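> Residue numbers for the sequence shown follow numbering that gives the first Met the number 0, beginning at 0 and rising by one.
Yeah, the Cβ is synthetic: ideal placement off N, Cα and C, and Gly gets one too.
No experiment lies behind these values; they were computed from the predicted model shown.
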Amino acid sequence: MKSIPVILDMDTGIDDALAILYALTSDKLRVLGITTCFGNGNIVNTTRNTLAIVELSPKTVPVYQGASHPLVSAWEPTAEAFHGPNGLGGTRIFRPLQQVERLSAVDFMRRSIEDNPREIVLVATARLTNIAGLLLAHSEVISLIKRIVIMGGAAFVPGNVTPVAEANIWGDPEAAWVVFQSGAPITMVGLDVTTKVPISDSMLASLSPHVPYHDVIQEAVNFYLAAYNPGVQPGKRTAPLHDPLAVGIAEDAQLCVTRPYPVDIELRGQLTRGMTVLDGRKRTTAASNIDVAVKVDGERFLRQFAQRLQFEILS
Ligand code: RIB
Ligand code: CA
C-alpha cells in the first residue's frame with residue numbers, strides 16, 4: 000500500500016507530543032518533516048519539545064522552526080495552564096541531540112509540496128500561522144496541496160478558550176481566515192470530535208515501562224489530566240486527545256464522518272473573535288469550503304492509538 004506523505008505543523012504541547020508519537024509509529028504515514036509554531040509555549044520551547052519527542056520516537060524526522068507570533072495580532076499566551084511552563088507540563092526535558100534544520104518552516108513546506116504535487120497532506124495541530132504564511136507568500140502551491148487536516152474550531156459545540164472559540168483558531172484568527180478561505184481542500188477536526196476521544200488515568204498507568212518515552216509521557220500527561228480536571232481525584236480524570244485524532248484522520252479518513260459546510264472565521268466580534276462560523280442553513284447560497292468532522296469512531300481510534308503507543312488498556 001502506498002504511504003501518505005505528510006508534514007506535521009505543531010506547537011508541541013502535550014497532546015501534540017502524543018500526536019508526534021502516533022504519527023511516527025504509523026506504517027501508513029510517511030512524515031517528511033515537522034514544522035513548529037508558537038502556541039502551547041513560545042517558539043523556542045515548542046521547537047525544543049518537538050526535537051525531544053522525535054528523539055524518543057522510533058523514527059528520525061527533520062524539524063523546521065516556524066512562526067513565533069501571530070500574523071497581525073500580538074501573541075497572548077493562554078496555554079500554560081494546560082501545557083505547563085515549558086509546554087510539556089514542566090517535565091524536565093533533556094537537551095535534544097538533533098538540531099533544528101536551517102530551512103524555514105514555510106520554505107520546507109513549499110519545497111516539499113512542489114516536489115510532491117497533489118500528494119502531501121498537511122496536518123495542522125497549532126495556530127495556522129505557518130500555513131497562512133505559506134499560502135500568502137506562495138499561492139501557487141494551493142492547488143498542489145492534497146489536503147489540510149486541521150485540529151481546530153468548534154462547529155456545533157462550545158469553544159475552549161472563549162465560549163465560542165477554540166484555541167488554535169482563537170490564537171491567530173487572521174491566519175485561520177487565510178487558510179479557511181484559500182480554496183485548499185480542508186478537513187476540520189474540531190472540538191465536536193476531539194472531545195470524544197479521551198485519555199484517562201487508567202490508560203496512562205498502563206503505558207509500557209519499556210518504551211523510551213515512558214517517563215516524559217507519564218509526567219506530561221499527568222499534568223494534562225490534572226489541568227483538565229481541577230478538583231477531581233487522580234484515577235477518575237480524562238482529557239481530550241485533540242491532536243492525535245487529527246493525525247488519525249489524516250491516516251484514515253474513515254475514522255470520522257464529515258459534512259461539507261461553508262465555514263468562516265470571525266475576526267471582529269468583541270465576544271466572538273476566533274469563532275468558526277458555520278452556515279448550516281438549508282437554503283444557503285454560500286459555497287461549502289470545509290469538510291467538517293461531525294462524528295468519530297472513537298472506540299476504533301482509541302484502540303489503534305493505545306496499541307501503537309503501547310498503552311495496555313483503553314480509556
Ligand atoms: O484546542 C486544542 C488545541 O490547542 C490543541 O492543538 C492543543 O495542543 C492546543 O494547541
Ligand atoms: Ca496543538
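1. Classify M358 as helix, strand or coil using the three-state DSSP reduction.
2. Would the C-beta of T124 count as close to ligand 1, meaning under 7 Å from any of its heavy atoms?
3. Rounded to whole angstroms, what is the Cα-Cα separation between S199 and A154?
4. Quick check: is any heavy atom of ligand 1 less than 7 Å from the C-beta of M274?
5. Got a sec? Which residues, its chain only, sit under 6 Å from T193 by beta carbon, not counting five neighbours each side?
6. Straight-line CA distance for L70 to N48?
7. By the 10 Å Cβ neighbour count, where 16 or more other Cβ atoms means buried, how is D10 classified, buried or exposed?
8. Pull up the distance between the alpha-carbon of P4 and that of T284, whole angstroms please.
9. Would you say the beta carbon of M187 comes nearer than 7 Å to a heavy atom of ligand 2?
10. Should H376 be counted as a contact of ligand 1 given a C-beta to heavy atom distance under 7 Å?
11. From N41 to K281, what distance separates their C-alpha atoms?
12. Along the chain, where does the beta strand (DSSP E) that runs through R29 open and close?
13. Alpha carbon to alpha carbon, how far is T46 from G61? Give it in angstroms, no decimals.
14. Which runs of the alpha helix (DSSP H) fall wholly inside the stretch 263–290 and span at least 4 residues, in chain order?
15. Count the other C-beta atoms from every protein chain shown that fall within 10 angstroms of the C-beta of G230, then say buried if there are 16 or more, exposed otherwise.
16. Would you please state the rounded distance, in angstroms, between the beta carbons of P172 and L266? I believe it to be under 8 Å.
17. Only counting the same chain, and skipping five residues up and downstream in sequence, which positions put a Cβ closer than 7 Å to that of H68?
18. Which partner residues of R146 appear in the DSSP bridge assignment?
19. Could you check the C-alpha separation between K195 and E113 for me, to the nearest Å?
20. Would you list the one or two residues that DSSP bridges to V188?
21. Determine the contact status of Y63 and V99, defining contact as a CB-CB distance below 8 Å.
22. Beta-carbon within less than 6 Å of V156's beta-carbon, same chain only, minus the 5 sequence neighbours each way: which residues are those?
23. Let's test the definition: count the other Cβ atoms within 10 Å of the Cβ of T186 and tell me whether it reaches 16, buried, or not, exposed.
24. Do N129 and T34 have their C-beta atoms closer together than 8 Å?
25. Between A78 and A164, is the Cβ-Cβ spacing less than 8 Å?
Inspection of the coordinates gives the following:
1. The requested residue 358 is not part of the displayed model; the chain covers only 0 to 314.
2. On the sequence shown, position 125 is the one that residue 124 refers to. Result yes, Cβ under 7 Å from ligand 1.
3. Locating residue 199 in the sequence shown gives position 200, where the first residue counts as 1. Locating residue 154 in the sequence shown gives position 155, where the first residue counts as 1. Spanning the two alpha carbons is a distance of roughly 25 Å.
4. Translated into the one-based positions of the sequence shown, residue 274 becomes position 275. The answer is no for M274.
5. Locating residue 193 in the sequence shown gives position 194, where the first residue counts as 1. The answer, listed in chain order, is P239, H241 and L244.
6. Within the sequence shown, the letter at position 71 stands for residue 70. Within the sequence shown, the letter at position 49 stands for residue 48. Distance between the alpha carbons of L70 and N48: 23 Å.
7. Stepping through the sequence shown from its first residue, residue 10 is reached at position 11. With at least 16 other beta carbons inside 10 angstroms of its own, D10 counts as buried.
8. Translated into positions along the sequence shown, residue 4 becomes position 5. Translated into positions along the sequence shown, residue 284 becomes position 285. Those two C-alpha atoms are separated by around 35 Å.
9. Numbered from 1 along the sequence shown, position 188 holds the residue referred to as residue 187. For ligand 2, not one heavy atom lies less than 7 Å from the Cβ of M187.
10. For residue 376 there is no data in the structure shown, the boundaries of the chain being 0 and 314.
11. Residue numbering aside, residue 41 sits at position 42 when the sequence shown is read from its first letter. Residue numbering aside, residue 281 sits at position 282 when the sequence shown is read from its first letter. So the two alpha carbons sit approximately 42 Å from each other.
12. In the sequence shown, the residue the question calls residue 29 occupies position 30. Here the beta strand (DSSP E) through R29 covers L28 to T35.
13. The residue you call residue 61 lines up with position 62 of the sequence shown. The residue you call residue 46 lines up with position 47 of the sequence shown. For the record, residue 61 in the displayed sequence is Pro; it is not Gly. Cα to Cα, P61 sits roughly 11 Å from T46.
14. none
15. By 1-based counting over the sequence shown, the position of residue 230 is 231. By the neighbour-count rule (16 or more Cβ atoms within 10 Å), G230 is not buried but exposed.
16. Within the sequence shown, residue 172 is the residue found at index 173, counting from 1. Within the sequence shown, residue 266 is the residue found at index 267, counting from 1. The pair is a contact, with the Cβ atoms about 5 Å apart (cut-off 8 Å).
17. For this step, residue 68 is matched to residue 69 along the sequence shown. Here the set comprises F37 and W74.
18. Residue mapping note: residue 146 aligns to position 147 of the sequence shown, counting from 1. In DSSP, R146 forms a bridge with V120.
19. Here the question's residue 195 lines up with position 196 in the sequence shown. Here the question's residue 113 lines up with position 114 in the sequence shown. Using only the alpha carbons, I get a separation of about 36 Å.
20. Position 189 of the sequence shown, counting from 1, holds the residue named residue 188. Paired residues: M150.
21. Position 64 of the sequence shown, counting from 1, holds the residue named residue 63. Position 100 of the sequence shown, counting from 1, holds the residue named residue 99. The answer is yes: Cβ separation under 8 Å.
22. On the sequence shown, residue 156 is found 157 positions in, with the first residue counted as 1. Within the same chain, V156 has close Cβ partners L190 and D191.
23. For this step, residue 186 is matched to residue 187 along the sequence shown. T186 is classed as buried because its beta carbon has at least 16 other beta carbons within 10 Å across all chains shown.
24. To locate residue 129, count along the sequence shown from 1; it is residue 130. To locate residue 34, count along the sequence shown from 1; it is residue 35. The answer is yes: Cβ separation under 8 Å.
25. Translated into positions along the sequence shown, residue 78 becomes position 79. Translated into positions along the sequence shown, residue 164 becomes position 165. Taking 8 Å as the Cβ cut-off, A78 and A164 do not qualify as a contacting pair.
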